[in-house]
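This is the structure:
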C-alpha cells in the first residue's frame, strides 16, 4: 500500500458484547484484504459427548461443512497443507484451518452466513483488513451480524509472533534460502526466530506494507508501495489474458524475462564496472519492449515472468532501503503474493543478499498470508 | 546573404515530412521554422565538437568564436588643442572576437542530414576528434566518422552528465526550478546557491540512476532502479499499442487512474484512519485489472502506469536521500525532458514520501547536460571551468512547454530544433562579498512570471518601445549600408522573443524587467548594434563636463547641511536623464545648465515616496566618515558628471575612499567603464580633489563585469569583489531605476546602503503608490 511512515494512533476497540462471549464456539478470525479473504477456523477436537449433545444444530452444521470440505463453492479453498494440528488454544485442543476466497465473493459469504443463521450463535465475528470496514454495513444488514473490527497491523504482528512460537506441526515456521539463485544447490532451511527483534516485516498483499517491529507492542509502519501482488496479477491479466493468480504464476515459471527486460549487458556489452553493476542486472524493466520487433517476438510467458521479476525486485529494493534506513538486518516477507511463488522468494532472497553484500537476510514464513486472520482470532480469544 | 532556402533546408524538410508520415497535400509543414544555417550558427570557426546521442534526441555541441562589433572609446590627445570645439573622445567600432558555446538538440531522424550540413560548412577546422556520449553513440559511431571525418572518442555517460550538471548549476542563473501544479506559475525558479554541493541526481532514462555528487570531481552511483522511462514506454506500448513515448504521455494526461488502480477506499470503503492514509491513495497499482473479462481504456492504463512509475521513483529517491542525508534532488533524463505530466507526478511523489522535507528540482537545460559534459571533457585544455559563462538569450530557444494541450505549436518546434548558446565572459563573476545572505539574494524586485498584471504591462511596454529602439539602432550607424536591414532583423527577433515570453514566461527562467532588458541587449548585439547610444553618450558627456565646474562652485558656496541636500538632489536630478526622458534631453541639447535645473524642479518635493534622508543626514553629522564607499553608477552625461561626481568629491573630502563601478559593456545610455575612465581623467584635470584622490588611489574605477541596465549583485567582476574586501567597504550606493528599483530594491547588505532613484515610469510609480518623478531615497543600516 502506498504510504508514508506512520506512528500509530490509539485504537478504539469495538467489542461487541461481554468478554465471556469469546469462549463460545465457533472461533473464527477473518482478514478481508483487497483481493483475498483469509479465514482461520479453530476446530475443537476435545468435544465431549455432553458438549456434542448441547451443540446447537447451526454450529454443528458449520463445523461439518468447513472440516469435511477442501473447496467451498467455486472459489473458496482450504489450504489443507497449512493446517495446524493438536493446537492448544484457550485451554482447548483442536486443529486450526486456513481458508481463503476472493474478496469479490464477500456478498455470497455473508449470504451464506445468513442462511446458516450465524447470527443465532453466541459469538463475535472478529475481522481485520480493509474489508472489515468496507463490508461492516453489509454484515449488519444482510447477515444481521455485528463485526468486531480490528486493526490489520496489530493482527498481522500478533499472528506472526504466535504462529512462529507454536511452530508448524513440529517444524519451523520460519525459513530462508541458501544459494537462492543456484537451482542445484538452492536449499530451503529452517530459521530460528526465537529472538525476533528488531525485524522488518514486509507484507505483500495486493499492495505492500513495511513495518519495523521492535517489540510485541512497539512497531511502526515505515512505508508502503502500491506495486504489489495486485500489480503483478493485474498487469498479467492485461498482458497475457490470464484469469487466475495461479495461471499467471504458471506462465511466469515458463517464461524468460531477459527477452523483455533490458539488462546492463544489453547496454554496456558486459558489466558496467564504473558503477559496479553486473551485466545480468536489469537496467530497464520492459526496456526491450520499446522496440516493435522485440514486442512481436516475446511470448506471454516471457511477459508474465518479466512482470513477476519487476514487481519482486522492486519490493526487494524498497525493503532493502528501509532496512538500511531503520538499521535492521532481518527482513521477514509475508503475504499471499508469496503463495506458491518460489520464484519471487528466491529472487528476494538473492537480491537482498547480493545488493547488501551479505548484510541483510530475507526470511519467509510458511503461513504466508494468514497472519492477519490468525491475529484476529487471537483478539477474539482475548490474546490467550 | 540573401535568405533563400538552401538545399540542406529542403533536405531537412523532406526528412521531417517523411518522419511524421503526414500525407497532407499542399499544406506546409508548420513545424519547419528555421533553416539550418540559423541553427548551426558560427560553424565556420567551430572547433571542439561533442555529441550526445540519446534514445531519440541528438545533442550537438561545439565551441566557436564570434566576431562582432564593439564600440571603443579613446581619448584624444588634447595637449595644445582647443578642446572647446572637439568632441570629448573618439568612438570607433572595432571587431572583437569572443568565445561562444553552441548546443543544438534535434531528433535522431535528422542526424544524417545534420552531419552533411556540418561537413559542408566546416572550413579549415583543426579538429580531429569528436567527443561522444549517450546510449546512441555506439550506433552512430561509423556514420559520424564517415560523414565528418572526425574520430569518435567515447566518454562515460554519467561522468558527462554530472560535469554538465555542475556547469549549468554554477553558470546559469535560474537554471533550477521546482514544479508546482495548479499554480499561476508552474515553474518556481530557484536562486543559485553559492555552494551547489552535495546533491542527488536522479537520472530517469530507460532505467533510473541515483548519483550522489559531492564535489566537482567526486560522485558516486549509490543506487538505481530498473523501473524507469523504458518501463513506461515498453510496458505502455504493450498495454496500449501506442508506439511513441510522447503519445503515451498524451494518453496518460487524459486518463483516469482510479479505473485501473485499487485505491485505499476501494479496500476500506473510505480512508484508513488509524494510519491517516487518505482514501484516494493507491493501495495497489493495476489492482482493479485483475480480471480477464473487463476492458480498460488506453488512457486509463497509461495514467495508472505513469503514476506507478513516478511514485516508485519518487519513493526510492526519498529513501536514498534520507539514507545520505540530502535534501536536494535534481531530476533529469528523457522521462522528464520538460514534460509537465511527469514533473507533476514526480513532484507529488517526492512531497508525499518525504513529507515535504525533500524538494524535487528540475533543470532548464536538463536535455543538454550530457553534451555539455562531453564537450567539457574535450575542452579541458581551454579551461572552460575557469571562466564565467552567460546564457545568450538571443541565441537560445528557451524552455518550451511540452504540454500538448496548452501550446501545440511550441511542442512541435521543441521537437525539431532547440538551441542553447553560452557566451564566455571575459572575466569571472562572483558574489558581492557584502551580500547579507547570498543563498537567498534575489536581484529582481518583481517576478513577472508570478505577477500576470505586471507581466502584461511590461511586455506591452517593451513591444511599444521596440520600433523606436530599432530606429535608434539604425540611426546610430549612418555610414553602414545594411544598418536598416539589420535593425529590422533585430526588431523581428526581439518581437518574436516577446511573443514567446507572452506564451511561456518561464522560457528563460524567472521573467523580470531585467531579463527583458538583457534579452534586448543580446538581440541588439546579435545584429551588430553594440552600442546604439555611443554618440548620444559622447555628446552628453561633453556637454555635462562643460558645466562641471560651475556646479561645483555653486555647491561649494553652500553651507554644509544645505550642500548635503543639494548633492542628493543633484544625484537624483541627474538620474532623470536617461533614455526614457526624451522631453528632458531635448531641452538639454540647447540649454544644458537649464536642463539640469529643470530636472531638479521636476523632482517630487520632500517627503519623498521613500524617504530616509533625515537618517542619512543624521548619520553624516553624527557618525564617523565611512571607510570606503562602493558606488554603482547609472547613466552617462549629466548623471555621472553632475550628479555622481560632486557626491564622490564630497565623500572624498570627508575622508571616505570611493570605488566607482561602471558597466563593462554598453547598455542603453549607461556609462561604461571605458567611458568613465575618460570622463574621470577630464574631471581630474579640472578638479584638484579628484586629481589627488586618483593619484593616491583613494578614488578607484572598476568595472562591474556586466552589460545590463540592471544589476545582479551575485554576478559581479571578481576584481571588484577583491577590491571591496581589501578596502573594507562599509557603504554601498546604488543609483537609478534599473539598479535600485527593478533590481535590488529589497537586497539586504551587510553594511550601510543607499538606494536612490527617480521613478520615470508612471505605471511603476502607481504600483509603488506614487506619481511619475517620485523619488526613492532608501538609506538602510543592517540590524546588528
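Protein chains in written order, with our numbering: chain V, 3 to 386; chain B, 867 to 1650.
We put the beta carbon where it would ideally sit given N, CA and C, even for glycine.
Residues that DSSP places opposite residue i in a beta bridge
i, result
"residue 43 of chain V", "V/30 and V/99"
"residue 1252 of chain B", "Residue 1252 of chain B is not bridged to any residue."
"residue 1529 of chain B", "B/1538"
"residue 918 of chain B", "B/925 and B/999"
"residue 1228 of chain B", "B/1043 and B/1197"
"residue 211 of chain V", "V/205 and V/226"
Residue i burial status per 10 Å Cβ neighbour count (16 or more: buried)
i, result
"residue 1426 of chain B", "exposed"
"residue 24 of chain V", "Its pLDDT being 42, under 50, residue 24 of chain V is placed unreliably by the model, and the measurement read from it follows with that caveat. Buried: at least 16 other Cβ atoms inside 10 Å."
"residue 1009 of chain B", "exposed"
"residue 1324 of chain B", "buried"
"residue 1133 of chain B", "buried"
Distance between residue j and residue i (C-alpha atoms, nearest Å)
i, j, result
"residue 1569 of chain B", "residue 1209 of chain B", "41 Å"
"residue 963 of chain B", "residue 933 of chain B", "5 Å"
"residue 211 of chain V", "residue 972 of chain B", "44 Å"
"residue 1364 of chain B", "residue 1379 of chain B", "12 Å"
"residue 189 of chain V", "residue 365 of chain V", "13 Å"
"residue 968 of chain B", "residue 927 of chain B", "6 Å"
"residue 889 of chain B", "residue 1108 of chain B", "The pLDDT assigned to residue 889 of chain B is 35, lower than 50, so where the model puts this residue is not dependable; a value taken from the coordinates is nonetheless given after this. Residue 889 of chain B and residue 1108 of chain B: Cα-Cα distance of roughly 20 Å."
"residue 1168 of chain B", "residue 1056 of chain B", "32 Å"
"residue 1500 of chain B", "residue 1424 of chain B", "26 Å"
"residue 1281 of chain B", "residue 920 of chain B", "Model confidence at residue 1281 of chain B stands at a pLDDT of 46, short of 50, so the residue's coordinates are unreliable; what they give is reported in the following sentence. Taking the straight line joining both Cα atoms gives about 14 Å."
"residue 1238 of chain B", "residue 1318 of chain B", "34 Å"
"residue 53 of chain V", "residue 186 of chain V", "53 Å"
"residue 350 of chain V", "residue 1145 of chain B", "30 Å"
"residue 1539 of chain B", "residue 1464 of chain B", "28 Å"
"residue 1172 of chain B", "residue 1603 of chain B", "48 Å"
"residue 1583 of chain B", "residue 1498 of chain B", "13 Å"
"residue 206 of chain V", "residue 1204 of chain B", "35 Å"
"residue 1097 of chain B", "residue 361 of chain V", "29 Å"
"residue 1025 of chain B", "residue 1190 of chain B", "20 Å"
"residue 174 of chain V", "residue 1224 of chain B", "43 Å"
"residue 322 of chain V", "residue 250 of chain V", "26 Å"
"residue 1415 of chain B", "residue 1432 of chain B", "15 Å"
"residue 73 of chain V", "residue 64 of chain V", "14 Å"
Cross-chain neighbours of residue i in chain V, by beta carbon under 8 Å
i, result
"residue 1181 of chain B", "225, 227 and 320"
Residue i in three-state terms, based on DSSP
i, result
"residue 1572 of chain B", "coil"
"residue 274 of chain V", "strand"
"residue 1625 of chain B", "strand"
"residue 964 of chain B", "strand"
"residue 1548 of chain B", "helix"
"residue 1388 of chain B", "helix"
"residue 304 of chain V", "helix"
"residue 336 of chain V", "strand"
"residue 1617 of chain B", "coil"
"residue 1347 of chain B", "coil"
"residue 899 of chain B", "Note that residue 899 of chain B scores a pLDDT of 40, beneath 50, so its modelled location is shaky; the value from the coordinates is reported in the next line. Coil, per DSSP."
"residue 1442 of chain B", "coil"
"residue 1017 of chain B", "strand"
"residue 130 of chain V", "strand"
"residue 219 of chain V", "coil"
Partner residues on chain B for residue i, Cβ-Cβ distance less than 9 Å
i, result
"residue 324 of chain V", "1185"
Contact list for residue i against chain V, beta-carbon separation under 9 Å
i, result
"residue 918 of chain B", "The premise fails here: residue 918 of chain B is roughly 15 Å from chain V at the closest Cβ pair, so nothing lies under 9 Å."
"residue 1263 of chain B", "In chain order: nothing, as chain V lies at least about 27 Å away."
Within chain V, the residues that residue i reaches when beta carbons sit closer than 7 Å
i, result
"residue 1093 of chain B", "287, 312 and 316"
"residue 941 of chain B", "Correct list: empty, because the minimum Cβ distance to chain V is about 58 Å."
Where residue i meets chain B, residues with beta-carbon distance less than 7 Å
i, result
"residue 267 of chain V", "Those within 7 Å of residue 267 of chain V in chain B number zero; the least Cβ separation is about 13 Å."
"residue 284 of chain V", "1092"
Test: residue i CB closer than 7 Å to a CB of chain D
i, result
"residue 1023 of chain B", "The question asks about chain D, but that chain is absent: this structure's protein chains are V and B."
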